[in-house]
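Inspection log for the structure reproduced underneath, given as structure tokens.
Chains as they are written, first to last, in our numbering: chain V, 343 to 708; chain W, 343 to 708; chain B, 343 to 708; chain E, 343 to 708.
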């Protein structure tokens, strides 16, 4: 499979930034799940550019569900979401499209697709495609929440400003944190929004961009989900998350920090709390041997600074294969980290729906 | 798929630590590839425990290829490698097997497999299974090298001691580095072996263990390999690498360090060098938009400290679901980072063989 | 995967008979393939109901390609075709939708989807979905024809009237046959159209329906495509073809007739003709050991009589689980065999594009 | 996937006719299933050549389970079965191996694998590989029988001699038929063994071979299993069955005979019997719209006459690409139809285990 992910619950993505529409097909989702259109709209709004820290391209995201829903519920047949593109300005790309934007997919797409790729606005590589993930993910997030599974992502660090981390070893406290960020369009746990936004605007003023780290948590995932080799919870999620443009690292639990610990510090002791098996710490992010252990699933992802910057850059002209200088036009995000949070939560929800359906059957989610 | 990875070139792993044998089936590898048995043995030797920094379990790894090779070459039919287990001491596990070893897969396996799992020596979750990866990977590494593709992994950091990094933006210098570590059984680029081993032995003496970071590089991979969504080079490799016990983080290029950079620092400018498209820096680790760009592929993986430690630990008894104290017996590695290097290189080679076969056809590798 | 087929070239189908639209996503098709919109329209016309032998539902099939095509060529990114439904009359189904139509999917859908299925016009099980196959298949058929591969299907038998068979062992004569039926909307090789139509109308007048056998041929497929076990050319095609409603049998070459032959009659002797390896007969339908042998690929499929008939039928009411009598309304085909021919050719083309891409790489088809 | 089948329960086959061993890996089978070694041996005996109607090659099939079983039960980890080859006589093939045996896979293997294929005894294409299917299938058949699902295959027709058919529309009578053939090594429902054997021996005496039709039935399969498009019960089974060498046709229920029926004859009316939904006839073989309807699953497969015959045949020499005459040596079956019955039942069981695990979860089978 190429632009599809999943085994029992499968998401397929199609569409280009400046094409007619973004298309997401969510197949295998259990029948009988109420489709909450208001919630989908709300989730799409979180991804949508909104203020001066985001791109000036404003899309209404007037999605339509064209299959798979009947009488307000999923039918079990593939559910197709179409999100038309309306606010496109391809002229921005006309002049420079043979110049490979550094750290973008222009050059690799050119090699892979032999020059036939749709280069307008990044084409099929554009972050715009993630609108399809968010719309499909809204249905998954909503369905999981009815089964007691909560998912959320916040900005752990942006442009050097750090947020408080999730309470990884305390499911109750974490649950409250997830509730608190669920409604935020700038998802942070502590009072860091202003500082982060200031740094983003600073970079923007400078014709530059910034990155950061996001942190995702899942509460309520049963123990015993995942496979030992090649379909580990970590591997399945990492595969999904690395598809999102700009993600260059994924770590579970304490991740790279574990490299500097001793085993006696890093090991998560088991204990019994309220009749439940728990671990006292959660350095493993809720996963042992590729399988969920019932503690919160926790992972971080590194978001590189947006590669589209106003500063002039050295590059090549892909046609003549000459060196060239790029002065970028178009409407770009000085930081995509805020918008990427909901994308990662959405994709996480879809991957977990798949894993749960494989484990417990196709109707479990209903 | 569960214990299998790949689409056109597929690796399937079976076997348990104390079972009869480890089995690896490598399917879809091009016909006509010479099978270099001496090289396979050499690669297995790199994974094998050897000195006081490794476990005392010593396996001869007298593997047998029981299918898929004829007259010294691959036939194109599935190639099966069987590696018998001979040096097993299950008695070490008898007494304590109902006590979940913290940060191991005992508890998650118990929940997933309902108590039917083979708990001897970690069963199917054991690092012993990686012998199958190394044997199959040796064939892949050897075949790729004939196509000009080199792969290697070194210990970038262990127990606080740092090695020099790969020359990520300089393919020629990197090629020399890869050659230099190819024969090493303790793969480091600078004079850090003694310091690292000292720290490992210190931890061992203390009944403890250490972790670290490994760095993998691939030279000679053509541009244009990988898919934009859900089969990105990064996602496919991460999925594979996260299956290896003890890996808790994967980052490409500058990875998490990108989170603190500006776009103008992080972007890799394109240039023409010797008629070839290159980038001046390589913060993206050779991948843009999920697709290889022709520069060296670079990634790091975080290795947590081995969870098997001699110190006593709090845990639970899975039978009665009571709290308990674990005093671990058995033969364990105070650090697995040295041995994991060859496993990661091997798995990387198999994933790339798959991607290359998908891109260029099943016979490309011949 | 569920409503998707293929490994390197993948078709995903979504939509319901009376929903907003039929959606087909064709992923992995090589970039740079000219998209011939007139040919797509022409192929859709062959599937479209047209005279008194077909259903009275008339859909314009005003499809739109909403992704994956740029400047008239495929881009290599997923190609999405949306075909709106306009001529729906769901009221026909309102009254009787709890009565399971015999030999339809109503009851099995009800059990599988728990009553949440879209029952209007057969929902996702409707033959209407095959419009997506034909539109996507037109691109595949057109691309294959540029590589010298021709595909066609004719009605071998309908309601007891037999057509002449394909010249299975004579590639040149077969090529001419394929050319001759390529433009026909009632694809037969001999003068049997009138007789077949007369029998269909007879059945219709009787409130009944008829079935038949269709025969598909592929000329120009290279030898060496397919896999020995579980991805044989026969298995891959059969899996695809059995998805089409009404197909209850698939046989390759002489198929079931081989059961009554001796080995000496059934074996296809090899010979050299014009420097090419051929077989003197073609009882194996161009496939040996699951792999194409370079001779024409030939297979037949049994089409059952359309289950929607006007005659009253015994059945059950799925709500109360009572026995009931069904008097069917709605607009139905007394025979779907004519319309199914183009569907089978289209699906065959997509399966072969996938097999060829796996064998020779993603760009081979360009 | 290539030599693997399944999504949640996956069978992988490796090995060659004259290689060291046949290997079958059965992954994803539920943990806790008792492994009945006597039953496995019994099933293997049914596939084994035995009298003058079979090949003279006699293999003891002393299989070993080298992973995935612990304390007599499946563990949930991949279960590996190794069946050594002992009675090989490769010399029979030395002299003629560049002559393509007509209707065998020699030529297609040669093209596909470029001359690197193991040609001894048909290599990976040999019917010998099916020993792995039967051993793995024995575990699946045994597990399904504990869930009330019975599977069996008989010879419906051989060399012109017809057996009585299964009672497709009468689950109780069918159950008794399945019980009656379960122990037979020559599985027929009526007194036709002698007549069939006589015809087989006649053909053998003549240096020739015969084929036939086999019929498979499954009792007790729940309604609602399968998918509408591309994972229909029919398609999944056909894909599996067509992998078996010699199968050239698969039909469900009345199959090709439906082509000559009217809708009013072919439709299976629903009724309520003993509180259960049933159909009065079973022309659809228990499948509507690709999904099981709760009635017996019934399908036939056409077995071509064994291509290895003693009569001299025209063919080509693959080395020089010259025409040649083949005088075949070696030990061959004048008919494989008896031996193929258990193979088809075994593969059916594995496919159904997969479908049931997908539908109801990985533990359903326990």
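Glycine included, C-beta positions come from ideal geometry on N, C-alpha and C.
Bear in mind that the values here come from a model prediction, so they are computed numbers and not experimental data.
Note to self: Does the CB of residue 687 (chain E) have a neighbour CB from chain B at under 8 Å?
What the structure shows: no
Next item on the list: Can you grab the Cα-Cα spacing for the pair residue 641 (chain E) / residue 700 (chain V), in whole Å?
Entry: 28 Å
Check: What is the DSSP secondary structure of residue 634 (chain W), counted as helix, strand or coil?
Finding: strand
Next item on the list: Note down, one range per segment and in chain order, each beta strand (DSSP E) of at least 3 residues found wholly within the stretch 437 to 523 of chain B.
Entry: 492 to 500
Checklist line | Cβ distance (whole Å) where residue 392 (chain W) is taken to contact residue 527 (chain W) below 8 Å | finding: 7 Å
Check: So is residue 429 (chain W) buried or exposed if we call it buried at 16+ other beta carbons inside 10 Å?
Finding: exposed
Checklist line | Member of E:455, E:689, E:454 whose CA lies at the smallest distance from the CA of residue 581 (chain E) | finding: E:689
Notebook entry, point to check: Which whole-angstrom value is the C-beta distance of residue 478 (chain B) and residue 692 (chain B), which I expect to be below 8 Å?
Noted result: 6 Å
Next item on the list: Note down, in chain order, all residues in the stretch 476 to 494 of chain V with a beta-carbon under 8 Å from any beta-carbon belonging to chain B.
Entry: none
Next item on the list: Under 6 Å Cβ to Cβ from residue 676 (chain B), same chain only, skipping five residues before and after it: list those, please.
Entry: 542, 545, 546, 551
Next item on the list: Look up residue 690 (chain W) in the DSSP assignment and say whether it is helix, strand or coil.
Entry: helix
Check: List, in order along the chain, the chain E residues whose C-beta lies closer than 9 Å to that of residue 465 (chain W)?
Finding: 412, 417, 419
Notebook entry, point to check: If residue 567 (chain V) sits next to residue 487 (chain V), beta carbons under 8 Å apart, how far is it from one beta carbon to the other, in whole angstroms?
Noted result: Going by Cβ atoms, the distance from residue 567 (chain V) to residue 487 (chain V) rounds to 17 Å, so no, they are not a contact pair.
Notebook entry, point to check: How would you write the range of the alpha helix (DSSP H) that residue 526 (chain V) sits in, first residue to last?
Noted result: From DSSP, residue 526 (chain V) is part of no alpha helix (DSSP H); its letter is neither H nor E.
Check: Between V:492, V:684, V:470, V:480, which lies nearest to residue 517 (chain V) when the distance is taken from Cα to Cα?
Finding: V:492
Notebook entry, point to check: In the stretch 638 to 651 of chain V, which residues sit with their C-beta less than 7 Å from some C-beta in chain W, listed in chain order?
Noted result: 644, 645, 646, 647, 648, 649, 651
Next item on the list: Check whether the Cβ atoms of residue 443 (chain W) and residue 670 (chain W) lie closer than 8 Å to each other.
Entry: yes
Notebook entry, point to check: Which whole-angstrom value describes the C-beta separation of residue 769 (chain E) and residue 584 (chain B), a residue pair presumed to lie in contact below a C-beta threshold of 8 Å?
Noted result: Because chain E here runs from 343 to 708, residue 769 (chain E) falls outside it and cannot be looked at.
Next item on the list: Using a Cβ cut-off of 8 Å (strictly closer), state whether residue 750 (chain E) contacts chain B.
Entry: Residue 750 (chain E) lies beyond the stretch modelled for chain E, which goes from 343 to 708, so this question has no answer here.
Check: Would DSSP call residue 563 (chain E) helix, strand or coil?
Finding: coil
Notebook entry, point to check: Shorter than 8 Å from the beta carbon of residue 701 (chain E) to some beta carbon of chain V?
Noted result: yes
Margin query: From the DSSP secondary-structure annotation, give me the bridge partner or partners of residue 289 (chain W).
Written below: With chain W covering only 343 through 708, there is no way to say anything about residue 289 (chain W).
Check: From this set, V:617, V:620, V:480, which residue's C-alpha is nearest residue 381 (chain V)'s C-alpha?
Finding: V:480
Item checked: 8 Å Cβ cutoff met for residue 556 (chain W) and residue 498 (chain W) -> yes
Margin query: So residue 346 (chain B) contacts chain W; which residues on that side make the cut at Cβ distance below 9 Å?
Written below: Ordered by position in chain W, no residue passes the 9 Å Cβ test against residue 346 (chain B), which lies about 13 Å from the chain.
Notebook entry, point to check: Should residue 471 (chain E) and residue 364 (chain E) be called a contact, given that it needs their Cβ atoms to be closer than 8 Å?
Noted result: yes
Check: Around the Cβ of residue 448 (chain B), are there at least 16 other Cβ atoms within 10 angstroms (buried) or fewer (exposed)?
Finding: buried
Next item on the list: Can you give me the Cβ contacts of residue 389 (chain W) inside the same chain, cut-off strictly under 6 Å, excluding the 5 residues immediately before and after it?
Entry: 476, 681, 684
Next item on the list: Just confirm the distance between the C-beta atoms of residue 748 (chain W) and residue 646 (chain W), as a whole number of angstroms; I'd bet it's less than 8 Å.
Entry: No statement about residue 748 (chain W) is possible, as the shown extent of chain W runs from 343 to 708 and does not include it.
Next item on the list: Determine the direct distance from the alpha carbon of residue 549 (chain E) to that of residue 500 (chain E), and round the result to whole angstroms.
Entry: 17 Å
Margin query: Measuring straight from C-alpha to C-alpha, what distance separates residue 490 (chain W) and residue 695 (chain W)?
Written below: 13 Å
Check: Should residue 655 (chain E) be flagged as near chain B, meaning a C-beta pair shorter than 8 Å?
Finding: yes
Notebook entry, point to check: Can you tell which of W:345, W:474, W:402, W:349 has its C-alpha closest to the C-alpha of residue 370 (chain E)?
Noted result: W:345
Next item on the list: Taking residue 667 (chain W) as the reference, give the member of W:661, W:655, W:673 with the closest Cα.
Entry: W:655
Item checked: Same chain, Cβ closer than 6 Å to residue 347 (chain V), neighbours up to 5 away in sequence not counted -> 353, 582
Checklist line | Own chain, CB closer than 6 Å to residue 441 (chain E), minus 5 neighbours either side, in chain order | finding: 657, 659, 666, 668
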